[in-house]
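Have a look at the structure below before the remarks.
Protein chains in written order, with our numbering: chain A, 3 to 573; chain B, 3 to 291.
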């Protein structure tokens, strides 16, 4: 359908234009995917928003560029050559004095953004003029467009709304004259929602009854704490911004010890600081939910860009050996449902659950059907009720059981006194350095997860039963691969996607059953070394020879997937 | 009234050295709990790591022996999740003033309603006698064979500066006074910091019970003004624990709302006790455009 890129310095309103056009297209009944590309600074630099809209569900951005909106010269220099034949360049003729591009095959739409805005009354409407120009090219529905403007600006008063509508019209009228080949026809939007991965995950947590989050701001995880904070009054959530990530994770553990569902969220650097406490949660058998939203590493790395290079890190962080669950949701829906599940699993298995996301998944918005919450049931595992505890005798918090999971009392309950401890302990929680005791409790903790795949699905499969190639992926790479399927089909290639959603414990049995060793296999990851590839080899003995690792910190696009598959199959 | 026996845990073998200053602190805590008639099930003792931090295992309440330096954030999590619990935190001088010093500052400025007892023996005892952040300059230890170069950390002066609303010092060898300080610290509505001078009989024979016998006095006997923050700070800076007479007692007390009192939340009762069975998120989904 249409892709739009808006570029300009940070602070110039690029983001607002992007968000608003995305809303208009979504309201027009299209499926919209929108993401940002911005450096780590507040003002200046080069910010981009990409908005992609289709008549069908989309899960990623694409390289094709239909409309470029340039608020500054840099945007033209960087991206004008990428506009497709027949596409359009809208640029601010006030900011760009000499347009120096050689493209006779595109529509060129100069718009004096500030000048036109001032005609309306104030240069602050410049962004709305730009928005109007996009709407004009696409001939968006007037009612939808003005309604979105109204809802965006109604808080600022009728006059501001009126002037924004006028400003929009200025841009609209200029661009409308162009005979752009793509027009938006209004359709029913069927109450779909537009949501990013972090918001979806946060809503999953709220639905799961998470009432405590302690975290330290870190891109690209911060919006999780902010989303919970926004809802702290309505949903009774204690939101604690801490002095550092060490405090964040330890507070969450202290809170979880009292029986509240608690979480923390961070990125790689913060997770490093949380490593020691992660092991404590496992040893003390405290249910803890952690979110690690990856960005390009190592160290501070490329903090506002995406990557999948912390998988091994979250799998192995902290000293010693203990059970943990690592879940890698692949899209906003999975962020929601796995965000919910994580809290059940943490309480059922009384051990840390780590959700691994990434910048692209966390912040890109997709259009999806509203979440169905009917089947989401709270399961608190062996958490004892006050009633159970009244008659409890000789309670042992770390009782050696067949399934490795012990009954759990919390402070405030009678007959359940115990000390949560970072020391190895006996069944009561008292420190024990005995050799046999250590073996018994190591075994007890290890066997907790033996049967997890009786309850959760570790692997998801997409595509037809008949296939020519298998694509193995984890996390947000799912979007580009799913979106590549139709184009591959057009090339006569049937692909099957095997998504490893639960990485730890690894669903070895299921993976072995699904993988067809006789058909070509390609593993795609957003890292250099092939971290999942190593995990698969380690667990199954299978060496996946064809690995595509992208590590430029920009998302994998469907075109990349198609190219790699063609290369593999020589097609 | 509860009895001290209600808070003793006879089945857990105590591994402190005979004569350790921790015994006096343990007994003072148990006495304070008994005299305040606390319910063991509603009380949580949180510690870090070190000799002193074994203490939750010797007290019959709920407890948490966490990792080195992190007693305060764990305890903050406990208290903010369930403000109905009595939360007492025990930390050593290494825990409190070195590895956990960031948490020390920030917990105090938040005025979390808990009682923080710093067992200050001026030595890293469990790792066998290295100098600690509260050890005096020049001290010879295995990691400072030619004498330490740093000036010591002054926990109470820092506490006053960081915004603690209750600041006191006790002594492991004066159980009646320490019991009273702990009772007041627990009853204080806000964060209470109690530094306890603790003889280490194994590594600091120079700071034995004999050493402290004649040098301590209680500021309460001198009509000390516990309300003037800058005067208290000056006093604590000028009268440290290293020279001459050493002051004990309550130095500072202030009434202020606690963090939980001011928490921005719909329902201030314990979030740990709220029903989570059927949370309706449809308003959130409906608000998405």
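Glycine included, each C-beta is placed from N, C-alpha and C at the ideal position. A quick note: this is a predicted structure, and the numbers were derived from the prediction, not measured.
Excluding the 5 residues preceding and the 5 following residue 61 of chain A in the sequence, name in chain order all residues of the same chain whose CB lies nearer than 8 angstroms to its CB. Position 59 of the first chain holds residue 61 of chain A. So the qualifying residues of the chain are 35, 333, 368, 480, 481, 482, 484, 485.
With the cut-off set at 8 angstroms, would you say residue 48 of chain A and residue 9 of chain A are in Cβ contact? Position 46 of the first chain, counting from 1, holds the residue named residue 48 of chain A. Position 7 of the first chain, counting from 1, holds the residue named residue 9 of chain A. Yes. Within cutoff.
Listed from N- to C-terminal order along the chain, which residues in the segment 49 to 65 of chain B have their beta-carbon within a distance smaller than 8 angstroms of any beta-carbon of chain A? Listed by position along the chain: 51, 56, 58, 59, 62, 63, 64, 65.
From residue 280 of chain A to residue 33 of chain B, what does the alpha carbon distance come to, in whole angstroms? On the first chain, position 278 is the one that residue 280 of chain A refers to. On the second chain, position 31 is the one that residue 33 of chain B refers to. Taking the straight line from one Cα to the other gives about 35 angstroms.
I need the straight-line Cα distance from residue 294 of chain A to residue 553 of chain A, nearest angstrom please. Numbered from 1 along the first chain, position 292 holds the residue referred to as residue 294 of chain A. Numbered from 1 along the first chain, position 551 holds the residue referred to as residue 553 of chain A. So the two alpha carbons sit approximately 18 angstroms from each other.
I'd like to know if residue 119 of chain B contacts chain A, where contact means its C-beta is closer than 8 angstroms to some C-beta of that chain. Translated into positions along the second chain, residue 119 of chain B becomes position 117. Not one beta carbon of chain A lies nearer than 8 angstroms to the beta carbon of residue 119 of chain B.
With distance defined between alpha-carbon atoms, name the residue in A:356, A:490, A:530, A:264 nearest to residue 471 of chain A. In the first chain, counting from the first residue as 1, residue 471 of chain A sits at position 469. A:490 is the residue among A:356, A:490, A:530, A:264 whose C-alpha sits nearest the C-alpha of residue 471 of chain A.
Paired residues, beta bridge with residue 500 of chain A - DSSP: Residue numbering aside, residue 500 of chain A sits at position 498 when the first chain is read from its first letter. BP columns for residue 500 of chain A point to A:463, A:474.
Please state the DSSP three-state secondary structure of residue 198 of chain A. For the purposes of this step, residue 198 of chain A is taken as residue 196 along the first chain, with counting starting at 1. Of the three classes helix, strand and coil, the one that applies to residue 198 of chain A here is strand, per DSSP.
CB contact below 8 angstroms: residue 32 of chain B versus chain A: Position 30 of the second chain holds residue 32 of chain B. Under the 8 angstroms criterion on CB atoms, residue 32 of chain B is classed as non-interfacial with respect to chain A.
What does the Cβ neighbour count give for residue 441 of chain A, buried or exposed, with the cut at 16 atoms within 10 Å? One-based indexing of the first chain puts residue 441 of chain A at position 439. That one is exposed.
Where residue 289 of chain A meets chain B, residues with beta-carbon distance less than 9 angstroms: Here residue 289 of chain A is taken as the residue at index 287 of the first chain, counted from 1. Near residue 289 of chain A there are no residues of chain B at all, since even the closest Cβ is about 12 angstroms away, more than 9 angstroms.
Could you give the distance in angstroms between the alpha-carbon of residue 54 of chain B and the alpha-carbon of residue 407 of chain A? Along the second chain, one-based indexing puts residue 54 of chain B at 52. Along the first chain, one-based indexing puts residue 407 of chain A at 405. Going by C-alpha positions, residue 54 of chain B is about 30 angstroms away from residue 407 of chain A.
Is the segment 505 to 524 of chain A touching the segment 540 to 554 of chain A in the sense that three or more CB pairs, one from each, lie closer than 8 angstroms? Touching, per the Cβ criterion.
Chain B beta carbons: is any one of them nearer than 8 angstroms to that of residue 358 of chain A? To locate residue 358 of chain A, count along the first chain from 1; it is residue 356. By the rule that beta-carbons nearer than 8 angstroms mark a contact, residue 358 of chain A does not touch chain B.
Chain-ordered neighbours of residue 372 of chain A on chain B, where CB pairs are closer than 8 angstroms: Walking along the first chain from the start, residue 372 of chain A turns up at place 370. Neighbours of residue 372 of chain A on chain B, chain order: 287.
Have a look at residue 75 of chain B and residue 275 of chain A and give me their C-alpha separation to the nearest angstrom. Here residue 75 of chain B refers to the residue found at position 73 of the second chain. Here residue 275 of chain A refers to the residue found at position 273 of the first chain. Those two C-alpha atoms are separated by around 14 angstroms.
Helix, strand or coil at residue 156 of chain A according to DSSP, with G and I counted as helix: Residue numbering aside, residue 156 of chain A sits at position 154 when the first chain is read from its first letter. In the structure shown, residue 156 of chain A sits in a helix (DSSP, three-state: H, G or I).
Amino acids of chain B, ordered along the chain, whose beta-carbon sits closer than 9 angstroms to that of residue 433 of chain A: Numbered from 1 along the first chain, position 431 holds the residue referred to as residue 433 of chain A. Simply 14, 17, 56, 59, 67.
Reference residue 152 of chain A, options A:172, A:167, A:194, closest by Cα: Within the first chain, the letter at position 150 stands for residue 152 of chain A. For residue 152 of chain A, the closest of A:172, A:167, A:194 by C-alpha to C-alpha distance is A:167.
Distance cutoff 8 angstroms, beta carbons only. Does residue 416 of chain A sit that close to anything in chain B? The residue given as residue 416 of chain A occupies position 414 in the first chain. The beta-carbon of residue 416 of chain A is placed less than 8 angstroms from the nearest beta-carbon of chain B.
Looking at the secondary structure, which residues open and close the beta strand (DSSP E) in which residue 243 of chain A lies? Counted from its first residue, the first chain places residue 243 of chain A at position 241. Residue 243 of chain A -> beta strand (DSSP E) spans 240 to 243.
Spatial distance of residue 107 of chain B from residue 173 of chain B (CA atoms): As a first step, residue 107 of chain B is located in the second chain; it is residue number 105 there, counting from the start. As a first step, residue 173 of chain B is located in the second chain; it is residue number 171 there, counting from the start. So the two alpha carbons sit approximately 23 angstroms from each other.
Could you tell me the boundaries of the beta strand (DSSP E) in which residue 296 of chain A lies? For the purposes of this step, residue 296 of chain A is taken as residue 294 along the first chain, with counting starting at 1. 290 to 296 is the span of the beta strand (DSSP E), which, as asked, contains residue 296 of chain A.
Quick one: is residue 264 of chain B near chain A, going by C-beta distance under 8 angstroms? Within the second chain, residue 264 of chain B is the residue found at index 262, counting from 1. Not one chain A Cβ lies under 8 angstroms of residue 264 of chain B.
Confirm, please, whether the CB-CB distance from residue 267 of chain A to residue 317 of chain A is below 8 angstroms. Your numbering for residue 317 of chain A matches position 315 in the first chain. Your numbering for residue 267 of chain A matches position 265 in the first chain. No, the Cβ-Cβ distance between residue 317 of chain A and residue 267 of chain A is not below 8 angstroms.
With H, G and I counted as helix, E and B as strand and the rest as coil, what does DSSP make of residue 164 of chain A? Counting from 1 along the first chain, the entry for residue 164 of chain A is found at position 162. In the three-state DSSP reduction, residue 164 of chain A falls in the helix class (H, G or I).
Determine, using beta-carbon pairs with one atom in the segment 560 to 570 of chain A and one in the segment 524 to 534 of chain A, whether at least three such pairs fall under 8 angstroms. The segment 560 to 570 of chain A is in contact with the segment 524 to 534 of chain A.
Is the Cβ of residue 496 of chain A closer than 8 angstroms to any Cβ of chain B? Position 494 of the first chain, counted from the first residue, corresponds to residue 496 of chain A. The beta carbon of residue 496 of chain A does not come within 8 angstroms of any beta carbon belonging to chain B, so the residue lies off that interface.
Would you say residue 5 of chain B lies against chain A (beta-carbon separation less than 8 angstroms)? Taking the second chain and counting its residues from 1, one reaches residue 5 of chain B at position 3. Not closer than 8 angstroms to any Cβ of chain A, the Cβ of residue 5 of chain B fails to qualify, so no.
Can you list the residues of chain B that residue 279 of chain A reaches, using a CB-CB cut of under 7 angstroms? Your numbering for residue 279 of chain A matches position 277 in the first chain. Neighbours of residue 279 of chain A in chain B, taken as residues whose beta carbon is under 7 angstroms from its own, are 69, 72 in chain order.
Whole-angstrom Cβ separation of residue 23 of chain A and residue 136 of chain A, contact assumed at under 8 angstroms? Counted from its first residue, the first chain places residue 23 of chain A at position 21. Counted from its first residue, the first chain places residue 136 of chain A at position 134. The Cβ separation is near 5 angstroms, so the contact holds.
Whose C-alpha, out of B:116, B:224, B:205, B:175, is nearest the C-alpha of residue 259 of chain B? Along the second chain, read from residue 1 onward, the residue named residue 259 of chain B stands at position 257. Cα-wise, what sits closest to residue 259 of chain B is B:116.
Excluding the 5 residues flanking residue 68 of chain A on each side, which residues of the same chain have their C-beta closer than 8 angstroms to its C-beta? For the purposes of this step, residue 68 of chain A is identified with residue 66 of the first chain, where counting begins at 1. Counting only Cβ-Cβ distances below 8 angstroms, and skipping sequence neighbours, we find 4, 5, 6, 85, 86, 89, 90, 184.
Simplified DSSP assignment, three categories, for residue 86 of chain A: Counting from 1 along the first chain, the entry for residue 86 of chain A is found at position 84. In the structure shown, residue 86 of chain A falls within a strand segment according to DSSP collapsed to helix, strand and coil.
Kindly indicate which residue of A:515, A:476, A:83 has the alpha-carbon position closest to the one of residue 536 of chain A. Position 534 of the first chain, counted from the first residue, corresponds to residue 536 of chain A. Distance check between residue 536 of chain A and each of A:515, A:476, A:83 places A:476 closest, using alpha-carbon atoms only.
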